[in-house]
Every structure is written in structure tokens, then in C-alpha cells.
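Below is one structure, written out as C-alpha cells; the observations come after it.
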Amino acid sequence: MTTLEMDAIAAEVLRRIALRTSDRRVLLLLGSASESQELRTYLRGLEQENCVFTQLLQGDEAVCGCLETVHQVISLGAEAALPLFSELVERQNLVVVSGLTLAQLSNIRDLRIGSGAEELICEALRQGKRVRAFSDALAVSLAHRGFAARIKLLRTELEDYGMEFDTRSDGLKAPCQLRKPVISKQDLREIEGGAVIVGRDTVFTTTARQLLEEKNIEIIRR
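Residue 152 in this note's numbering sits at position 57 of the sequence shown, and the numbers go up by one each step.
Encoded structure:
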């Protein structure tokens, strides 16, 4: 046996030991547009913390190129079953996903499963795992105000589920929630632009409505 072969065997043994003993396991599900600077920086930071990475491949995605080592690669068929996702997620501490579309994010919010990625994320949230998502679909700096406010609301609802998103600033604040039957001007003093979420029957005083117009704040009733 050559020295090169012995080194290869030793590396494989160490890889398997790491998979069995690490308490910092990360599951990767990266879409085609997965090479953003924010994602690369985040994954390299995890790598420096000696995390063990498992990547799921659906279709023709490539193994993540920004990491020195992906310890395990699993190719999934189009009909990947929930039991497989459940078992995979159970062994992880963190799930990192990228390339999610607006439709997929809306489906996750509504618990309406239409793809393997949506199923995996919902299973991870069900098990109480951390889910970190990178998605250009949430970038709304160029969007119309009303549309941007709706996207912000979608993000807020997903964060309530336990999802985490990259912290790039898009120039808009997340919607503020005010759960009061009557809202006065005083209640709105700390809100600067964006949107405010209120109940369907909430009433605004006259001066409050004037302040909403002055600050260009959208009302979202839920």
C-alpha cells in the first residue's frame, strides 16, 4: 500500500469519526444562485468553527465550492420522502438554505408543501432546528412601497416560525405590530415609514391618520 493510499484511508476514517462525534452539524440545501458574498462569508465562518457539513443535492446542483470540505453529500430524487428528511434533520444542529423563491417562502408561511425544499424546511422548523435562509426574493429596495411592505410582512411571519435571514439592509423597516382597538397619534410617534400591522377592527384617531400620511406608513389589517 502506498503512502498516498494510506493517507486517503486515514482521511476517510477521520471524516467518519467527525460525522459521528461532532456536535456542530450543518445541513446544506443550496439553490442554483448560491454563491452570494453573504452566503460564502457565513459558511466560511461556520467552517472556522469546525462544523461538519452535509449537503443535499436535488437535480444538477454542484457541491458547495466555497468550503474546504463537505463531509457528506446526499443526492435526493424528485420523490424524496418525509421520513428521509425527518431522519436527516434530526441529526443536525443547523439547516442552511439558499435560492428560495417568493412562491416557496409563501408556501412555507402557509404550510402548503409543494417541493422538497419546502418539505425539508417545514420539517426542520417542526423539530425546532435553526433554519438560516439566504434569498434574493426578499430584497425589496427597488419595489413599490406597498409590495415591499407585504414582503416585509412575509419575512416577519417566517421569523415568527423560527427562520433566520441574512441581515442585508434593504432600506425598509420590518412592519410594526400594534394590537390595540384604538390607535392615537402618540402610538405612532416611534414609527418611521414602512408599515404597521393592526387588527381588522382597529380604529385610528384623526390625528393618527394624518401622521400616517405624513410618514407614508401603510396600514396592514390582519
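Cβ coordinates follow ideal geometry from the N, Cα and C atoms, glycine included.
Exercise for the section: Quick one: which unbroken alpha helix (DSSP H) runs of 4-plus residues sit fully inside the segment 216-285? Chain order, please. Expected result: Listed in chain order, they are 240-256.
Exercise for the section: Look at the alpha carbon of His239 and the alpha carbon of Gln272, and state the distance between them as a whole number of angstroms. Expected result: Counting from one through the sequence shown, the residue named residue 239 turns up at place 144. Counting from one through the sequence shown, the residue named residue 272 turns up at place 177. Each residue's alpha carbon lies about 21 Å from the other.
Handout entry: Assigned secondary structure, Ala303 (DSSP; H/G/I helix, E/B strand, else coil)
Key = Here residue 303 refers to the residue found at position 208 of the sequence shown. Three-state DSSP puts Ala303 in a helix.
Exercise for the section: Let me know if Phe229 comes out buried or exposed under the rule of 16 or more other beta-carbons within 10 Å of its beta-carbon. Expected result: Numbered from its first residue, the sequence shown carries residue 229 at position 134. Buried, by the Cβ-count rule.
Problem - For Ser170, three-class secondary structure by DSSP - result: Along the sequence shown, one-based indexing puts residue 170 at 75. DSSP places Ser170 within a strand segment (E or B) once states are collapsed to three.
Exercise for the section: Measure how close the beta-carbons of Leu124 and Val184 come, nearest whole angstrom, since I'm counting them as under 8 Å. Expected result: Reading the sequence shown from its first residue, position 29 is the one you call residue 124. Reading the sequence shown from its first residue, position 89 is the one you call residue 184. The distance from the Cβ of Leu124 to that of Val184 is about 11 Å, inconsistent with a contact at the 8 Å cut-off.
Exercise for the section: Would you list, in sequence order, the uninterrupted beta strand (DSSP E) runs of no fewer than 3 residues that lie entirely inside the segment 188-218? Expected result: List check, beta strand (DSSP E) in window: 189-193.
Exercise for the section: Can you tell me which of the three DSSP states Val298 falls into? Expected result: The sequence position of residue 298 within the sequence shown is 203, counting from 1. Here Val298 sits in strand by DSSP.
Handout entry: Inter-residue spacing [alpha-carbon to alpha-carbon] between Ala234 and Asp102
Key = Position 139 of the sequence shown, counted from the start, is the residue given in the question as residue 234. Position 7 of the sequence shown, counted from the start, is the residue given in the question as residue 102. The alpha-carbon atoms of Ala234 and Asp102 are separated by roughly 46 Å.
Problem - Residues bridged to Glu313 [DSSP beta-bridge criterion] - result: If you number the sequence shown from 1, residue 313 lands on position 218. Paired residues: Ala290.
Exercise for the section: Would you list the residues sitting across from Leu138 in a DSSP beta bridge? Expected result: Numbered from its first residue, the sequence shown carries residue 138 at position 43. DSSP output for Leu138 lists no bridge partner at all.
Practice task
Report yes if the CB atom of Ser279 is closer than 8 Å to the CB atom of Glu218, and no otherwise.
Solution key: Here residue 279 is taken as the residue at index 184 of the sequence shown, counted from 1. Here residue 218 is taken as the residue at index 123 of the sequence shown, counted from 1. Going by C-beta atoms, Ser279 is not nearer than 8 Å to Glu218.
Problem - 7 Å Cβ shell around Ser201 - same chain, five flanking residues per side excluded - result: Counted from its first residue, the sequence shown places residue 201 at position 106. Closer than 7 Å at Cβ, skipping near neighbours: Leu249.
Problem - 6 Å Cβ shell around Glu259 - same chain, five flanking residues per side excluded - result: Taking the sequence shown and counting its residues from 1, the one referred to as residue 259 is at position 164. Within the same chain, Glu259 has close Cβ partners Arg227.
Practice task
Please check if any C-beta of chain C sits within less than 8 Å of the C-beta of Asn311.
Solution key: Looking at the structure shown, chain C is missing, and only one protein chain is on hand.
Practice task
Look at the alpha carbon of Gln167 and the alpha carbon of Glu133, and state the distance between them as a whole number of angstroms.
Solution key: Start at 1 with the first residue of the sequence shown, and residue 167 comes out as number 72. Start at 1 with the first residue of the sequence shown, and residue 133 comes out as number 38. Rounded to whole angstroms, the gap between the alpha carbons of Gln167 and Glu133 is 23 Å.
Exercise for the section: Rank Ile203, Ser131, Ile104 and Leu138 by C-alpha distance to the C-alpha of Arg119 and give the top, closest one. Expected result: Locating residue 119 in the sequence shown gives position 24, counting from the first residue. Residue nearest to Arg119 within the set Ile203, Ser131, Ile104 and Leu138 is Leu138 (criterion: CA-CA distance).
Exercise for the section: Could you pull out every residue in the same chain whose Cβ sits closer than 8 Å to the Cβ of Ala303, ignoring the five residues on either side in sequence? Expected result: As a first step, residue 303 must be located in the sequence shown, where it is residue number 208. The residues are Ile278, Ser279, Lys280, Asp282 and Leu283.
Handout entry: Cβ distance (whole Å) where Ile292 is taken to contact Arg317 below 8 Å
Key = As a working mapping, residue 292 is identified with position 197 in the sequence shown. As a working mapping, residue 317 is identified with position 222 in the sequence shown. Indeed, because the Cβ distance is near 6 Å, the residues count as touching under 8 Å.
Practice task
Report all residues from its chain with a CB closer than 7 Å to the CB of Glu308; omit the five preceding and five following residues, and keep chain order.
Solution key: In the sequence shown, the residue the question calls residue 308 occupies position 213. The answer is none, since no qualifying residue turns up.
Handout entry: Beta-carbon contacts of Pro276 that lie in its chain and below 8 Å, excluding the five residues immediately before and after
Key = For the purposes of this step, residue 276 is taken as residue 181 along the sequence shown, with counting starting at 1. Here Pro276 has Gly294, Asp296, Thr297 and Val298 as same chain residues with Cβ atoms under 8 Å from its own Cβ, once five neighbours each way along the sequence are excluded.
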